[in-house]
Amino acid sequence: MDRRDFLKLAGIGIVFVSGLGRVAAAAEKAGKKLPGDFYFVQMSDTHWGFNNPKINPDFGGTLRKAVTLVNGLEIHPDFIIFTGDLSHDTDDDQERRKRLTEFKQIVKDLKVKDVKFMPGEHDAAVDNGKVFMEVIGKTHYTFTHKGVNFIALDNVSDPGGSLGDQQLKWLSDNLKKLNKDKSRIVVLCHRPLFGLYPEWEWETRDGAKAIDLLLPYRNVTVFYGHIHQENHHMTGHIAHHAAHGLMYPLPAPGSKPKLAPVPWDPAKPYNNLGFRSIEARMPPADYLVTEYPIQKS
Amino acid sequence: MKALSKKFLVIGIIFLVIGAFGASVLAAEPEVIKISAKRFEYNPKEITLKKGVPVILEFTSLDRLHGFRCSGLGIRTDIKPGQAARVPVTPQKAGDFEFHCDNFCGSGHGNMAGVIHVVE
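Protein chains in written order, with this note's numbering: chain F, 1 to 297; chain U, 1001 to 1120.
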């Protein structure tokens, strides 16, 4: 039984997020084994240090529950990526250091040891990422996994949510090393690269420049966090997928006069909190996204 | 004596012209409304403007980088410490228009907001 069969048996919804998914599905139906498959887990917006019980009475336990759930996955992911806001904001550098250190300690319990981190504005905007880099590591980087080129962008260390000219040049230089037709590119970031809802700072001010750099590449997919809910959007042929958070949900874009966390619903504990797995199949390219809710245990 | 009074008359006319010209220049100068920003508030946080009357909003920061976004009136600027940001505005519609800081500035960032009332 492969992982997809397991998900079907477990009754967990799976969704292809690329039009090319149909090709892979057809191949699977025909019983062809596709080489190079792997999957990774995206966890986001854990906001360690948040402590309002009206919003999440299990503020100290939700992250640990998520760690347990990921550890319990039938087949372990190749790696795990946290797409920012590991900690909740604080104006005190020492407190931020403490929160990020505690976060790191909790996620050490993940059985998968290849864990990658990215900052959110709560971690990095107040001090331009200084404490984050000290405790966690780099704020933007690249890595390659089984032929897929991952690019982690930092659109949060600038308080205005810009990538900045220097990082855009770095992105451009990295893209020049790739093949426009053949390279598979996954971009990871915290804020949406496009203007999802600028009034709530759900945007990257110079994100259009990054998208322009990415558009000539045939196979690009973006996974991000920040908005604490699932969202799927296309800019040209580039798909952007937002993940659930792991501390509190946020309202749908523009659905409330003011942005504020959605209060805890005792009838639906942990509602809209969760993580996702992303299965990469090649060739042809497609990504299978599976959303996992945090259950009351 | 006649020559002297003629001289005074000319000087008087010159002063009158300069005075009138100066006054008209002053009248054309839009009012400057000073707004300071600091974690996590604006002062003042409520501003009243008149529809169709130009003003200049002058922002200063008392601590760190802040922002000012009032989408309803199409205003956005960075507010950098030690550097006044001047934004000319002529409101074209009456109503209440909320503004907020859009450069993440810390734990109270989400509450750093205010409103511009535009009256007829």
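Using N, Cα and C, we set each Cβ at its ideal position, and we do this for glycine too.
> What's the call for Asp89 (chain F), buried or exposed, on a 16-neighbour Cβ count within 10 Å?
Replying inline: buried
> Near His226 (chain F), what residues of its chain come up, given a Cβ to Cβ distance below 6 angstroms and the 5 sequence neighbours on each side ignored?
Replying inline: His190, Arg191
> By how many angstroms is the C-alpha of Gly161 (chain F) removed from the C-alpha of Asp206 (chain F)?
Replying inline: 8 angstroms
>> Pop quiz: Gly236 (chain F) and Leu215 (chain F) are said to be a contact at Cβ under 8 angstroms. What is the actual Cβ separation, rounded to whole angstroms?
In response: 6 angstroms
> When we look at the beta-carbon of Glu201 (chain F) and count the other beta-carbons within 10 Å, is it buried (16 or more) or exposed?
Replying inline: buried
>> Can you pull the chain F neighbours of Leu1062 (chain U), defined as C-beta to C-beta under 9 angstroms?
In response: Simply none; closest approach about 15 angstroms.
> In the stretch 90-155 of chain F, which residue ranges form an unbroken alpha helix (DSSP H) of at least 4 residues, counting only runs that do not cross its ends?
Replying inline: 93-107, 121-124, 130-135
> Along chain F, which residues have their Cβ under 8 angstroms away from the Cβ of Asp1078 (chain U)?
Replying inline: Gly160
>> Taking the beta carbon of Ile1035 (chain U) as the centre, do at least 16 other beta carbons fall within 10 Å, making it buried, or is it exposed?
In response: buried
> Glu1117 (chain U) and Phe1040 (chain U): beta carbons closer than 8 angstroms?
Replying inline: According to the sequence as given, residue 1117 (chain U) is His; it is not Glu. Contact flag unset, no.
>> When you compare the CB positions of Leu171 (chain F) and Tyr217 (chain F), do they come within less than 8 angstroms of one another, or not?
In response: The Cβ atoms of Leu171 (chain F) and Tyr217 (chain F) lie no closer than 8 angstroms to each other.
>> Within 8 angstroms of any Cβ in chain F, is that where the Cβ of Gly1106 (chain U) sits?
In response: yes
> Quick one: what's got a C-beta closer than 6 angstroms to Phe79 (chain F)'s C-beta in the same chain, skipping five residues either side?
Replying inline: Phe40, Asp114
> If you draw a straight line from the alpha carbon of Ala125 (chain F) to that of Glu1098 (chain U), how long is it in whole angstroms?
Replying inline: Roughly 24 angstroms separates the two Cα atoms.
>> Residues of chain U with CB closer than 8 angstroms to the CB of Glu279 (chain F), please, in chain order.
In response: Simply none; closest approach about 34 angstroms.
> What's the C-alpha gap between Glu1120 (chain U) and Gln167 (chain F)?
Replying inline: 47 angstroms
> Rounded to whole angstroms, how far is the Cβ of Val262 (chain F) from the Cβ of Pro253 (chain F), which I believe are closer than 8 angstroms?
Replying inline: Val262 (chain F) to Pro253 (chain F), Cβ: 13 angstroms. No contact.
> Can you tell me whether DSSP reads Ala66 (chain F) as helix, strand or coil?
Replying inline: helix
> Buried or exposed: which applies to Arg64 (chain F), given that a residue is buried once 16 or more other Cβ atoms fall within 10 Å of its Cβ?
Replying inline: exposed
>> What would DSSP say about Ser172 (chain F), mapped onto helix, strand or coil?
In response: helix
>> I'd like to know if Asn1043 (chain U) contacts chain F, where contact means its C-beta is closer than 8 angstroms to some C-beta of that chain.
In response: no
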